[in-house]
Each structure stands twice: as C-alpha cells, then as structure tokens.
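>
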Amino acid sequence: MTLLHTIYLIAITAEAMSGAIMGMRRGMDLFGICMLGTVTALGGGTARDILLGHYPVGWIANPEYLSFTIGAAIVTAMIARHMHHLRQIFLLVDGLGLVAFTVIGCGVGLEMEAHPSIVVLAGVITGIFGGLLRDILCNQVPLVMQRELYATVALFTGVFYVGMLWLEVNSSLATLLALGSGFLFRVLAMTFGWKLPDFQGKEIRGLD
Amino acid sequence: MTLLHTIYLIAITAEAMSGAIMGMRRGMDLFGICMLGTVTALGGGTARDILLGHYPVGWIANPEYLSFTIGAAIVTAMIARHMHHLRQIFLLVDGLGLVAFTVIGCGVGLEMEAHPSIVVLAGVITGIFGGLLRDILCNQVPLVMQRELYATVALFTGVFYVGMLWLEVNSSLATLLALGSGFLFRVLAMTFGWKLPDFQGKEIRGLD
Amino acid sequence: MTLLHTIYLIAITAEAMSGAIMGMRRGMDLFGICMLGTVTALGGGTARDILLGHYPVGWIANPEYLSFTIGAAIVTAMIARHMHHLRQIFLLVDGLGLVAFTVIGCGVGLEMEAHPSIVVLAGVITGIFGGLLRDILCNQVPLVMQRELYATVALFTGVFYVGMLWLEVNSSLATLLALGSGFLFRVLAMTFGWKLPDFQGKEIRGLD
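Chains as they are written, first to last, in full-length UniProt numbering: chain Z, 1 to 208; chain C, 1 to 208; chain F, 1 to 208.
1) In chain Z, which residues lie with their C-beta within 7 angstroms of the C-beta of F:A114?
2) How far does the alpha helix (DSSP H) with Z:M24 in it reach, from first residue to last?
3) From the beta carbon of F:F199, is the nearest beta carbon of chain Z less than 8 angstroms away?
4) Which of the residues in the stretch 6-32 of chain F, read from start to end, lie with their CB under 8 angstroms from any CB of chain C?
5) Tell me the rounded alpha-carbon separation between Z:S171 and F:Y150.
6) Provide the residue span of the alpha helix (DSSP H) that contains Z:R48, from first to last.
7) Just the Cα atoms here: how many angstroms apart are C:I21 and F:L188?
8) Would you kindly report the start and end of the unbroken alpha helix (DSSP H) that includes C:Q88?
9) Measuring only the C-alpha atoms, how far is C:V141 from F:L176?
10) Whole angstroms is fine: what's the gap from C:C138's alpha carbon to F:L167's?
11) Quick one: list the residues of chain C neighbouring Z:T152, beta-carbon separation under 8 angstroms, in chain order.
12) Name, going along the chain, the residues of the UniProt domain "Glycine transporter" (92-164) of chain C whose beta-carbon falls closer than 7 angstroms to a beta-carbon of chain F.
13) Using a Cβ-Cβ cut-off of 6 angstroms (strictly less than) and excluding sequence neighbours within five positions of F:G23, which residues of its own chain qualify?
14) Could you give the distance in angstroms between the alpha-carbon of Z:L91 and the alpha-carbon of C:G193?
15) Assuming Z:R75 and Z:P116 form a contact by the criterion Cβ under 8 angstroms, report the distance between their Cβ atoms to the nearest whole angstrom.
16) Do you know offhand how far Z:R81's Cα is from F:T6's?
17) Report the residues of the stretch 66-81 of chain Z with a CB closer than 7 angstroms to any CB of chain F, ordered along the chain.
18) Going by DSSP, what residues sit across from Z:D198 in a beta bridge?
19) Can you pull the chain Z residues whose beta carbon is under 7 angstroms from the beta carbon of F:G53, in chain order?
20) Mind checking whether Z:I50 and C:I50 have CB atoms under 8 angstroms apart?
21) Just verifying my parser: in three-state terms, what is the DSSP assignment at C:H115?
22) I'd like to know whether the C-beta atoms of C:L42 and C:I12 end up nearer to each other than 8 angstroms.
23) Using alpha carbons as the reference points, say which of C:R147, C:L133, C:V108, C:M83 lies closest to C:A122.
24) Express the C-alpha separation of Z:M190 and F:V57 in angstroms, rounding to a whole number.
25) According to DSSP, is C:L149 helix, strand or coil?
26) Excluding sequence positions up to five away, which residues of its chain have a Cβ less than 8 angstroms from the Cβ of Z:F160?
27) Can you tell me whether C:T2 is buried or exposed? The criterion is at least 16 other CB atoms within 10 Å of its CB, across all chains shown.
28) Chain Z beta carbons: is any one of them nearer than 8 angstroms to that of C:L36?
29) In the structure shown, what three-state DSSP assignment does Z:Y55 receive?
30) Since F:V196 meets chain Z, which of its residues come closer than 7 angstroms, beta carbon to beta carbon?
31) Nearest to F:F129 by alpha carbon, out of F:G19, F:M28, F:L9?
32) Considering only their Cβ atoms, is the gap separating F:P63 from C:I118 smaller than 8 angstroms?
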C-alpha cells in the first residue's frame, strides 16, 4: 500500500519536527530533542504493538524510521527559529498523519484478528499515543485528553474504515475514503473550533 | 470463579467512575474522561500482563470490559455533581476492588508458573498500577507512593493468598479468606489512618 | 561474564539508593521509596525487554534482583541523613552502572539478532530509562533529556562496543574496553562539565 506508506513517512517526519520544537521550547538538549521527536512520531505505533503483543515493534523491524525522526529533529534544531511560518502546513500534515496512523493501526489490529472494537482502538492508540507520551515527558497533562476533536477524529476514522471493510468495500478504496473523510473532519474541526463537552471541573468534589 | 469475577466487574466500574471524576476535576473533555476512567480501571491488569508477557492483555481478550469502563465514565459525566454523596460507598468498593485485583493478579502469576515473589508482585501491580497511571496522566506524583496503607494492603493480600495456597488450603477458601482479610485490613487502615513511615524529605541532601 | 555481572549488582544497588533518596526528598512513604528505588535500578532493563519482546523480563527471571533494590532502598531510608558524604562515590558508581547497563543491554540486542542500530539503542535504553521513569514518577521532566553528557555516554559506549565486536575483537576484551572508555568519558564529562548544545527555547514559537 504505497500511498499509505508514503503518507506515513511524511507524517512521522512532521510529528518528529513538532516534538522537537516542543523539546526546544522546554530547554532540552540535542539528545532530548531527538528523543522527544522520536517518541512523538513512533510512540503511538509502539504503544499499539506492545498492547497487542505485535512483535517486533515497528521501528525495531524497520530501524530506518529512526533515521527519519532523528534526522527531522536535528534539522528542526537548526531551522526552528523560522518554522513558525510553516505552522499552517504543519497542522495539515499533522491531521493527515493522525488519520494515516489510525488506518495503519487498524490494519495491525485486523492482521492480529482482533475483535472489531479492538481494531478501532488499535487505530486510535496509534493515532494519539505519540502526542500523549510526548506530553508526559514534557510533564504536562496530555492535550489529547483536554481539548479539540483529535481523538474523536481518530475514532471516527477507525470506525469508518472498519465499517467499510465490514461492508466488503475494496480495501484500497476503504483506505482512501477513510483518509479523505477523516482528514476533512479534522480540518473542519480545526476551522470551526469544534470540541467535545467538558465540565466545570473545579466545582466537582472528588471521591478519594 | 464467579464471585471473584462479579466483584471484578463491580470494581472496574467503580474505578472507572473515580477516574472519570478526577478527569472532570481537571477540566478534561469527554474523551479524556473516558480514557482516564478506563486507564484507572484496567491499567493495573494491563501493566501486569505486559510485564509478565501474558498475552493477550485482559481487555483485548475481553473487550466487553471496555463497555463497562466507558459506560461508567459517561454516566459519571452526567451525574457527577451528585456523586460525592456516595463517597463512603466508593471508598468501600475501591477497597474491595484493590483486594480483588490483587487476588486476580496473583492468579495470573500462578498460571504463568512464576516465582512466588513474582506471583505476589503480579498481584500488587494489578492492584495499584491503575491509580498510578491515572496520576501520571493527571501530572501528579502517584498517591500510592505517598500516603496511606494502600500498596501495603495489596502486598498483605498477595502474601496471605499465596501463603494459603502454599499451605494447600482449598483454592476457593483461600480466595475468600484473602478477600475478607485484605478488605478488613484496608477498612481498618482507613478508619484509624494507619500509614507507613515517611521522612522529613527536604532536609535530606540529594546525590545527583 | 562474572565481572560484568558483579558490576551490574553493584550498579543496581547504587541506583536503587539514589532513587530512594529522591523518593525521601519528595516525602514518599516507605513503599514509595522502595518502588522508586526499584524502578530507577531495574526500569531500564524492563523497558528494553518489553520493547524488544525479550521475555521473561530480567527481574522476573531473576527475582533476587528485587532483594537487592528493595534492601538497598530500606537501608537508604535508615541512613540517608549521612549519605551525602558519599556523593562522590555515588557519582562514580552511577557512571560505572551507566556503561555496564549499556553493555548488558547491547548484549540482549545481539542475542535477539537485532539490527546493529537497534543493538546500540537497546544499550542506550537500558542505560537511561531507569532514571527517565524515576523522573516521570517524581513528576518532573527527565533530567537525561535536559543536561550533561549522560545519554551521549551510553550512545558512545554502545557504538564503541558494537563496533569492536564487528571488528571481531574478542568479546571479553571488547566488554572491558567499552566499560573502561565509556567510564572515562563519563568522568571527563562530569569533571569538565561537558554538555550537548541546547537552545534558548522560550523564543521559539510552537506549532500546535
């Protein structure tokens, strides 16, 4: 599936760059920047593989992925001062990456012959866990748990993709439609500021 | 073992609700709340399974567990304003869950034919890692490392359970006695505020 | 490989002590101190084994390692007030542990017949992930991502070790030379305050 693989390589490069930027903003050194970029890019697939027991983990079977993420982080460290001009492009590539990661993750779940709900979840985990691990390493509550339709886009993409396969839509067509509709959903969510309900948390008394 | 399984389902529901409440208090959106509830409820068994290499992980083999935790989190999001009235009941169900998780975790260790100390540890990890992962996602030092007899109750329950099996006590009886004595220990610890020693930390100079 | 194993046992003891000290400084109770010491000492090898799918995980196959780390943490809790006198010795043992962990981790990668870059990375992960997990549990950005040549020493040691094996140097000699040169590098880095470049992070605008 060449298109999906190409999108994947572009996406891990972009994710590594955005992780590297966040590391620089937190005063990390060059090692920390490379590591944060790599975790952001490859953490989702790694979490999925470990949870599913799908060995070898992606980047261990394909160490060249590490060249992409480490290379991207180093380039970022050199040109970061100018990268905010590219912010719009990054948001679009990030959205494309989110849906591509999700479709790829669903594919791994299917290959493991998991229950359909687990297949979708494998996609969602692949889509969001890189950013979640990045935020934990940066010592902040994961953004994905707080705001914007991000995980929801992954969930929609996964359900849509698995649903089409269940309807026996041709696999390449299902991939294209899932990528397209998921990406459109993400762009619309960003454009119009769609978000899930949250709650005036401070008023709520805890149970512990 | 039907009683233990019933307690397990009640316990993951209660844990998911308490995780959801904590997510709401931190201003998470609906996805974050469902995720935090699920991690709190199922994180302990997941950590145990990954560390032991016990695949498939519990909720991947039994995706219906996810319906319990996600359903519990959504219900919590709707009724949270009134749940503090149930605080006492939650503390009791949480204590029962802690000992049930521990006994179930020991069972997985036994099934893997691990060393007795690892069997006990598998129980302790099952009992406490859900809350530990919840606290990491909420960006705070895990409560279980700081105060109260919580991990100690899990340790006691695990040692007691494995000890009775070693003494060739009937398995169902050992389960009942471990659940009962562990739960009693937890209730006494809460009632009388028992805690482990800690240390005037700030006076101590670091080594790094 | 008796020398390496002896160094390993000394190193996990010292790492457990330094983790325990950090737990005491954060006001953790005795359970938290034992757990933080154990995670600091054994977390690197655990992360490596899970990522590589190398089961059983080290301390599950060798539960006696837990006696070392828990024993070391308890002793530390008793004598911590006097341990800062030993700071210099700790830094040296920590440096020796870093290179020993790295060489041992490379050995596991070789045993799994991984790609050379993954072998080196298995060493680096073994060397640094204990401290990284310790810092996450203490709710701070991992030190290893921020300052000093620490990960770089592990990387150098791993590349040097794997390179010598590739040049068909005798395995024991390669181990000794890697330990010696890695340790020397670490001592020089500490003595002269060598560090990787970092970046005036706050000026850089984010992409998210």
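Ideal Cβ positions, reconstructed from N, Cα and C, are used throughout, including at glycine.
Every value quoted in this text rests on a predicted model; they were computed, and no experiment measured them.
Per the coordinate set shown:
1) Counted from its first residue, the third sequence places residue 114 of chain F at position 114. Ordered by position in chain Z, the residues that pass the 7 angstroms Cβ test against F:A114 are I60.
2) As a working note, residue 24 of chain Z is residue 24 in the first sequence. First-last of the alpha helix (DSSP H) with Z:M24: 2-25.
3) Working through the third sequence from its first residue, we reach residue 199 of chain F at position 199. Output row for F:F199: interface = yes.
4) M17, S18, I21, M22, G23, M24, R25, R26, G27, M28, D29, L30, F31, G32
5) In the first sequence, the residue the question calls residue 171 of chain Z occupies position 171. In the third sequence, the residue the question calls residue 150 of chain F occupies position 150. Distance between the alpha carbons of Z:S171 and F:Y150: 47 angstroms.
6) In the first sequence, counting from the first residue as 1, residue 48 of chain Z sits at position 48. 30-52 is the span of the alpha helix (DSSP H), which, as asked, contains Z:R48.
7) Looking up residue 21 of chain C in the second sequence gives position 21. Looking up residue 188 of chain F in the third sequence gives position 188. Taking the straight line joining both Cα atoms gives about 51 angstroms.
8) Sequence index remark: in the second sequence, residue 88 of chain C carries index 88 (1-based). 87-111 is the span of the alpha helix (DSSP H), which, as asked, contains C:Q88.
9) Working through the second sequence from its first residue, we reach residue 141 of chain C at position 141. Working through the third sequence from its first residue, we reach residue 176 of chain F at position 176. Straight-line Cα distance between these residues: approximately 39 angstroms.
10) Within the second sequence, the letter at position 138 stands for residue 138 of chain C. Within the third sequence, the letter at position 167 stands for residue 167 of chain F. Rounded to whole angstroms, C:C138 to F:L167 spans 49 angstroms at the Cα level.
11) Numbered from its first residue, the first sequence carries residue 152 of chain Z at position 152. Those within 8 angstroms of Z:T152 in chain C are F31.
12) A114, H115, S117, I118, I136, N139, Q140, V141, P142, M145, Q146, R147, A151, T152
13) Walking along the third sequence from the start, residue 23 of chain F turns up at place 23. Hits under 6 angstroms: G32, I33, L36.
14) In the first sequence, residue 91 of chain Z corresponds to position 91, counting from 1. In the second sequence, residue 193 of chain C corresponds to position 193, counting from 1. So the two alpha carbons sit approximately 51 angstroms from each other.
15) Here residue 75 of chain Z corresponds to residue number 75 of the first sequence, with the count starting at 1. Here residue 116 of chain Z corresponds to residue number 116 of the first sequence, with the count starting at 1. Note on residue identity: the sequence assigns Val, not Arg, to residue 75 of chain Z. In fact, because the Cβ distance is near 40 angstroms, the residues do not count as touching under 8 angstroms.
16) Taking the first sequence and counting its residues from 1, the one referred to as residue 81 of chain Z is at position 81. Taking the third sequence and counting its residues from 1, the one referred to as residue 6 of chain F is at position 6. Using only the alpha carbons, I get a separation of about 48 angstroms.
17) L66, A77, A80, R81
18) The residue given as residue 198 of chain Z occupies position 198 in the first sequence. Its beta-bridge partners are C:D29.
19) Counting from 1 along the third sequence, the entry for residue 53 of chain F is found at position 53. Going along chain Z in sequence order, the residues near F:G53 (Cβ under 7 angstroms) are Y55, P56.
20) By one-based count along the first sequence, residue 50 of chain Z stands at place 50. By one-based count along the second sequence, residue 50 of chain C stands at place 50. In this structure, C:I50 lies closer than 8 angstroms to Z:I50 by Cβ.
21) The count along the second sequence starts at 1 and reaches residue 115 of chain C at position 115. Coil.
22) Here the question's residue 42 of chain C lines up with position 42 in the second sequence. Here the question's residue 12 of chain C lines up with position 12 in the second sequence. A contact, by the Cβ cut-off of 8 angstroms.
23) Here residue 122 of chain C is taken as the residue at index 122 of the second sequence, counted from 1. Cα-wise, what sits closest to C:A122 is C:V108.
24) Walking along the third sequence from the start, residue 57 of chain F turns up at place 57. Walking along the first sequence from the start, residue 190 of chain Z turns up at place 190. Cα to Cα, F:V57 sits roughly 43 angstroms from Z:M190.
25) For this step, residue 149 of chain C is matched to residue 149 along the second sequence. Three-state result, C:L149: coil.
26) The residue given as residue 160 of chain Z occupies position 160 in the first sequence. Around Z:F160: L177, A178, S181, G182.
27) Along the second sequence, read from residue 1 onward, the residue named residue 2 of chain C stands at position 2. Exposed.
28) By one-based count along the second sequence, residue 36 of chain C stands at place 36. Interface residue, yes.
29) Within the first sequence, the letter at position 55 stands for residue 55 of chain Z. Coil.
30) For the purposes of this step, residue 196 of chain F is taken as the residue at position 196 of the third sequence. Before going further, note that residue 196 of chain F is Leu rather than Val in the sequence given. Result: D29, L30, F31.
31) Here residue 129 of chain F refers to the residue found at position 129 when the third sequence is read from its first residue. Answer by Cα proximity: F:G19.
32) Taking the second sequence and counting its residues from 1, one reaches residue 118 of chain C at position 118. Taking the third sequence and counting its residues from 1, one reaches residue 63 of chain F at position 63. Contact flag set, yes.
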